[in-house]
Ligand SMILES: Cc1ncc(COP(=O)(O)O)c(C=O)c1O
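Residue numbers (our numbering): 147 to 521.
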């Protein structure tokens with residue numbers, strides 16, 4: 147048996163998505179920018195996909211731009227808001243994905259804007275009251291706070307954050323790579339300036355995603371060329387990827403409740419089994435967080451040193467909570483930010499509706515050979 151509990155990292159392509167992509171690959175090969183029949187057929191595929199994404203988010207089609215994924219979308223939102231929207235300060239958090247944090251490093255090093263990283267509490271939450279006080283100074287600001295954290299699953303209260311930003315005329319970007327098509331997002335109700343999606347997080351193909359840019363934000367493109375995506379993102383469109391992403395998105399929305407229930411049940415079973423079977427288990431994720439992520443930290447033992455390798459050898463794919471820097475394993479920036487004890491070994495198990503309790507049983511059995519069992 148081989149178990150895949152690493153769905154926050156990426157998900158497999160669903161057969162229905164693969165079928166849709168195969169159909170487009172074999173039947174639609176025109177360049178969407180060409181005005182002849184073949185081009186028009188390709189254009190229709192892209193515009194239908196755009197409509198699917200926009201409808202699912204309650205946005206307008208003109209606000210959705212296809213990109214290579216969330217990294218590109220996040221870069222665009224941060225950099226363009228400084229260049230084109232008069233942003234003088236970006237306020238973000240210490241637990242963002244590296245595609246935000248490293249872009250902020252770039253911005254800080256070049257003194258393009260002030261950068262302020264808010265600390266989080268041990269549950270990965272920022273202090274909204276503190277943020278409100280900071281925003282009171284009136285400096286033109288973009289707040290960039292991730293919706294769901296990819297390591298510990300902490301969720302921010304997007305509704306409250308959005309209201310705060312509206313009250314203070316602050317632009318809001320949210321990295322929704324982990325929550326798009328997993329949690330309902332209604333942009334007519336929850337106003338944001340930018341958000342992003344990466345298709346491979348919801349059973350679509352890799353290397354394709356989108357950015358939502360609210361109509362009020364007139365930004366310029368990051369790179370120039372043939373003026374595709376209404377000039378916002380030049381380069382011939384990844385038509386198969388876009389079609390696959392739209393299919394995966396639609397399926398995820400249609401099955402959202404079913405998937406959530408199934409995933410939550412597997413995760414609860416896993417957490418219950420972990421708690422009763424092993425000694426000294428600690429969870430970094432909480433029941434209030436993203437339902438597919440279980441971040442668990444094991445006590446230090448000689449075997450836990452090689453925990454990830456042992457899991458892999460045992461037939462289990464999961465993610466480690468550490469980052470390797472200069473050959474030394476350290477807790478990731480997210481675990482450090484929540485005050486995790488670095489002596490403990492953390493594993494992020496992340497589930498999908500394709501996982502089962504039998505797989506959980508398998509993982510628990512294998513873990514018994516790696517970490518101390520409760521007596
Ligand atoms: C929260 C978050 N943001 C951004 C990304 C980047 O997505 P991509 O690599 O598809 O561009 C990821 C992917 O791991 C993520 O989890």
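Even for Gly, the Cβ is constructed at its ideal location relative to N, Cα and C.
Of the listed residues the options, nearest to residue i (C-alpha basis)
i	options	result
residue 154	230, 465, 514, 485	465
residue 433	426, 427, 441	441
residue 412	172, 506, 197	506
residue 269	444, 460, 436, 450	436
residue 339	309, 487, 431, 178	309
residue 391	509, 191, 362	191
residue 388	170, 157, 158	170
residue 486	502, 156, 444	444
residue 354	158, 475, 215, 410	215
residue 493	515, 371, 367, 297	297
residue 424	453, 475, 197, 516	516
residue 151	520, 372, 499, 367	499
residue 283	384, 321, 372, 234	234
residue 314	288, 378, 322	288
residue 477	405, 461, 274, 451	451
residue 166	511, 501, 396, 421	396
residue 416	193, 509, 157	509
residue 335	307, 321, 255, 342	307
residue 320	243, 373, 385	243
residue 179	502, 421, 377, 147	377
residue 148	304, 462, 230, 407	462
residue 422	172, 230, 521	521
residue 479	317, 248, 406	248
residue 352	217, 406, 370	217
residue 157	514, 501, 519	501
residue 449	519, 305, 290	519
residue 420	168, 318, 459, 514	514
Beta strand (DSSP E) segment containing residue i, residue limits
i	result
residue 319	317-320
residue 202	Run containing residue 202: none in the beta strand (DSSP E); it sits in the alpha helix (DSSP H), 183-203.
residue 288	287-290
residue 238	235-239
residue 404	First-last for residue 404: 402-423, but that is the alpha helix (DSSP H), not the beta strand (DSSP E).
residue 491	491-496
residue 441	439-444
residue 541	Lying before the first or after the last residue shown, residue 541 is absent from the chain, which here runs from 147 to 521.
residue 354	Neither: residue 354 is in no beta strand (DSSP E) and is coded neither H nor E.
residue 263	260-264
Neighbourhood of residue i by C-beta distance below 7 Å, restricted to the same chain and skipping five residues each side
i	result
residue 205	333, 358
residue 394	160, 163, 345, 348, 349, 350
residue 258	228
residue 208	361
residue 232	286
residue 375	211, 212
residue 294	301, 324, 325, 436
residue 410	437
residue 322	293, 331, 341, 342, 343
Integer Cβ distance of residue i from residue j, believed to fall under 8 Å
i	j	result
residue 184	residue 175	7 Å
residue 483	residue 237	Incorrect: roughly 15 Å between the Cβ atoms, too far for contact.
residue 199	residue 356	6 Å
residue 402	residue 330	7 Å
residue 264	residue 272	5 Å
residue 261	residue 239	Between residue 239 and residue 261 the Cβ distance is about 11 Å, and since that is not below 8 Å, they are no contact.
residue 428	residue 490	7 Å
residue 250	residue 277	That pair is no contact at about 16 Å.
residue 467	residue 481	5 Å
6 Å Cβ shell around residue i - same chain, five flanking residues per side excluded
i	result
residue 226	365
residue 439	154, 299, 431, 496
residue 222	357, 368
residue 187	174, 176
residue 196	207, 210
residue 281	314, 316
residue 220	245, 246, 321, 342
Spatial neighbours of residue i in its chain, beta-carbon cut-off 8 Å, leaving aside the 5 residues before and after
i	result
residue 399	202, 327
residue 385	170, 174, 178, 188, 191, 192
residue 455	none
residue 373	380
Residue range of the alpha helix (DSSP H) that includes residue i
i	result
residue 212	Counting along the chain, residue 212 falls outside any alpha helix (DSSP H), though it belongs to the beta strand (DSSP E) covering 210-213.
residue 219	216-231
residue 276	274-281
residue 169	161-173
residue 255	244-255
residue 507	503-513
residue 101	The requested residue 101 is not part of the displayed model; the chain covers only 147 to 521.
residue 479	479-483
residue 459	453-459
Closer than 6 Å: residue i CB and nearest ligand 2 heavy atom
i	result
residue 296	This structure lacks ligand 2; its bound ligands are ligand 1.
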